[in-house]
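Take a look at the structure set out below.
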Amino acid sequence: MNIPPLIRLSGVVKTKGAFTLHAEGTFGPGVHLLTGRIGSGKTTLGEILAGIIQPDTGTISWTGGRRVMLLQDASYHISTMTVREEAASWHADPDVIIRRAGLTGKEDADLFTLSRGEVRRLELAAILSGEYELIVLDEPFAGLDEDARCFVRRLIETRRDAVVVIISHDITSLPKIDQLVAMEAGTLIQIGQVPQCLQNWNEAPALIRYLRKNGVCPAGLSREDLEEALCRIRG
Amino acid sequence: MIEILSVQAGVLTIPSCTIQPGMCAVTGPNGAGKTTFLKLIAGILHPGAGMVRIDGREPSACTIGWVGEYPDRNILFPRVYDELAGPLRFTWRSCQEIDRQVRKYAHDLGIAHLLDRNMHDLSGGELILVSCAAACITSPDLLILDETDSHLDEQICHLIDCFIARAEITYVIFSTHRPDRMARASEMIRLTDGAITEHLVLAEESGSSHCDHLSSPWFWRRVLHGISGSDI
């Protein structure tokens, strides 16, 4: 029997110094966008979802298998010396990882001679090629050029069967998003289903506010949806 | 003016380039040499061949502020106050003057409440603000922001923009992948495979033909100006 992966947080509380996080909610299969101001607790929630840290109180029930999180500073994932060794250290075919990362020909390169963007592509390709059922990506597009963003977007699209949580400030490179959630001063808020919730998104980024001001609501948050919405302004 | 002439350094080959006072954005694909370019201008990397001059001086003779993508790698002191005071203490100023400057810069960036905090307890955004204050506190000739914006939200970027504008630094050079950030610059340099493939002046009215694309800095200027009541 195939149970869809589902994570449920009930009464979760985590305190770190002066900061306290409260979370209540369910994340099922599909792509979730987690937004919120800096310091609002997005990364901490991601770490709780991925099982990296435990809450002080509350319960987490998880029906799936392996969980993983891409760290903001992807170089903290590095555990080997070369591209080939690093790819082989993950749960997937190393040749596929290297090809997807666009690092063919650099298999023997020392990881610390790669640019930051190349390291991030390598770790992202490893995470999205592996058999994970819950994938938290903390700012996956940061530091990537346009080609790499497009590639990451397509790679995420192949993992809709998993619970994917994208933490991002940048909404211009996203794949199709199913659910929008936010951290507001330490508390998890369910904003709702995309695109229905976009009209009422209070803390919406500049681009969404600009579209709404011009009387246009995008059909979704993917790059394609945003470009289509811009075409409607142009008429 | 910053002049780069006949430079060959690492992946970079630059026959000639001049940068005017103001904000200059540096962009380009991963591995194109953006950080190398910034290091070269900052004098961290000495060109194997050629020369770099900032208003006629060697970079090493200038005061330069640097903020990277992950400032936690460059923390010198455990306490926020000392991190801000450090650059001034190294220049042998009086304690009263240093204290006055630290409090002024902390106030201007809205981080006065963090002065007694431990650097390692700060959130990512708070760390960036502290690092910006520390980089600007010596009134550098040149401020470099190496993809500092990659984890920042619009509000924090705006706060830093306003702070930098008030600090009246002659040259601010920042690398970025974000067209909405490039929209803030007066000049834009694109690097591809170690060479400058585009060098534009982003004047207010020009570029209207590129206005409709999400990757265009001009488009983002219109978005940022188009939202009523605020700049962001």
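Residue numbers (the working numbering), protein chains in the order written: chain Z, 11 to 245; chain F, 66 to 297. We treat Cβ as the ideally placed atom computed from N, Cα and C, and that holds for glycine. Keep in mind it's a predicted model, so treat the numbers as computed, not measured.
Chain-ordered chain Z contacts of residue i [CB-CB under 7 Å]
{"i": "F:V288", "result": "A216, L217, Y220"}
{"i": "F:D218", "result": "R47, I48, H179"}
{"i": "F:D186", "result": "G27"}
{"i": "F:P94", "result": "D155, D157"}
{"i": "F:I221", "result": "I48"}
{"i": "F:E134", "result": "R126, G153"}
{"i": "F:L265", "result": "Near F:L265 there are no residues of chain Z at all, since even the closest Cβ is about 17 Å away, more than 7 Å."}
With 16 other Cβ atoms within 10 Å as the buried cut-off, status of residue i
{"i": "F:D241", "result": "The residue asked about is misnamed: residue 241 of chain F is Thr in this sequence, not Asp. The residue in question, F:T241, is buried, as its Cβ has 16 or more Cβ neighbours within 10 Å."}
{"i": "F:G93", "result": "buried"}
{"i": "F:W283", "result": "buried"}
{"i": "Z:Q82", "result": "buried"}
{"i": "Z:L258", "result": "This structure leaves residue 258 of chain Z out entirely; chain Z is present only between 11 and 245."}
{"i": "F:K99", "result": "buried"}
{"i": "Z:K223", "result": "exposed"}
{"i": "F:S295", "result": "Note that F:S295 has pLDDT 48, beneath the 50 cutoff, so the model's placement of it is unreliable and no number is given."}
{"i": "Z:F122", "result": "exposed"}
{"i": "Z:R244", "result": "exposed"}
{"i": "F:A250", "result": "buried"}
{"i": "Z:Y265", "result": "With chain Z covering 11 to 245 only, the question about residue 265 of chain Z has no answer from this structure."}
Integer Cβ distance of residue i from residue j, believed to fall under 8 Å
{"i": "Z:V204", "j": "Z:G230", "result": "6 Å"}
{"i": "F:V132", "j": "F:S81", "result": "Contact flag wrong, Cβ pair sits at about 28 Å."}
{"i": "Z:I201", "j": "Z:A192", "result": "6 Å"}
{"i": "F:C127", "j": "F:L207", "result": "6 Å"}
{"i": "F:G259", "j": "F:A107", "result": "Actually they do not touch by this definition, with Cβ atoms about 18 Å apart."}
{"i": "Z:L154", "j": "Z:V162", "result": "7 Å"}
Assigned secondary structure, residue i (DSSP; H/G/I helix, E/B strand, else coil)
{"i": "F:I109", "result": "coil"}
{"i": "F:Y236", "result": "strand"}
{"i": "F:E148", "result": "helix"}
{"i": "Z:Q10", "result": "Examination of residue 10 of chain Z is not possible in this model, given that chain Z is present from 11 through 245 alone."}
{"i": "Z:R77", "result": "strand"}
{"i": "Z:G115", "result": "coil"}
{"i": "F:C201", "result": "helix"}
{"i": "Z:K52", "result": "helix"}
{"i": "F:C89", "result": "strand"}
{"i": "Z:D157", "result": "helix"}
{"i": "Z:F37", "result": "strand"}
{"i": "F:H301", "result": "Residue coverage of chain F in this structure runs from 66 to 297, which leaves residue 301 of chain F outside it and unanswerable."}
{"i": "Z:E128", "result": "helix"}
Residue i: contacting residues in chain Z (beta-carbon distance under 9 Å)
{"i": "F:S81", "result": "By Cβ distance, chain Z contributes nothing, its closest Cβ being about 25 Å from F:S81, past 9 Å."}
{"i": "F:R243", "result": "D180, T182"}
{"i": "F:I292", "result": "A216, R219, Y220, K223"}
Proximal chain Z residues relative to residue i, where beta-carbon distance stays under 8 Å
{"i": "F:L14", "result": "Residue 14 of chain F lies beyond the range of chain F shown here (66 to 297); nothing can be said about it."}
Near the ligand ZN: residue i beta-carbon under 8 Å from a heavy atom
{"i": "F:A260", "result": "As for the ligand ZN, it is missing from this structure, which has no ligand bound."}
Identity of the residue in the options nearest residue i by Cα
{"i": "F:I209", "options": "F:R158, F:E68, F:H216, F:E134", "result": "F:E134"}
{"i": "F:L36", "options": "F:Y170, F:D206, F:N95, F:H278", "result": "In the structure displayed, chain F extends from 66 to 297; residue 36 of chain F sits before or after that span and is not available."}
{"i": "F:I119", "options": "F:D164, F:A260, F:I84, F:I292", "result": "F:I84"}
{"i": "Z:E213", "options": "Z:T25, Z:L198, Z:R47, Z:T123", "result": "Z:R47"}
{"i": "Z:E57", "options": "Z:V175, Z:Q209, Z:P215", "result": "Z:V175"}
{"i": "F:L70", "options": "F:P143, F:H290, F:G115", "result": "F:G115"}
{"i": "Z:A84", "options": "Z:T53, Z:L124, Z:E133", "result": "Z:E133"}
{"i": "F:P86", "options": "F:A97, F:T235, F:I225, F:D137", "result": "F:T235"}
{"i": "Z:A102", "options": "Z:G51, Z:D148, Z:A136, Z:L144", "result": "Z:A136"}
{"i": "Z:V22", "options": "Z:G40, Z:P14, Z:I63, Z:T73", "result": "Z:I63"}
{"i": "Z:Y220", "options": "F:S281, F:W285, F:L267", "result": "F:W285"}
{"i": "F:A198", "options": "F:A230, F:D218, F:S215", "result": "F:A230"}
{"i": "F:Y146", "options": "F:I221, F:G175, F:L179, F:H172", "result": "F:L179"}
{"i": "Z:G68", "options": "Z:H87, Z:K24, Z:L44", "result": "Z:K24"}
{"i": "Z:L19", "options": "Z:L80, Z:K52, Z:S71", "result": "Z:S71"}
Proximal chain F residues relative to residue i, where beta-carbon distance stays under 7 Å
{"i": "Z:E143", "result": "Ordered by position in chain F, no residue passes the 7 Å Cβ test against Z:E143, which lies about 27 Å from the chain."}
{"i": "Z:A152", "result": "S215, H216"}
Any C-beta of chain A under 9 Å from that of residue i
{"i": "Z:A136", "result": "Reference to chain A is not applicable here, since the protein chains of this structure are Z and F."}
Beta-carbon neighbours of residue i, restricted to chain F and to distances below 9 Å
{"i": "Z:E34", "result": "The premise fails here: Z:E34 is roughly 22 Å from chain F at the closest Cβ pair, so nothing lies under 9 Å."}
{"i": "Z:D83", "result": "E134, Y135, D137, R138"}
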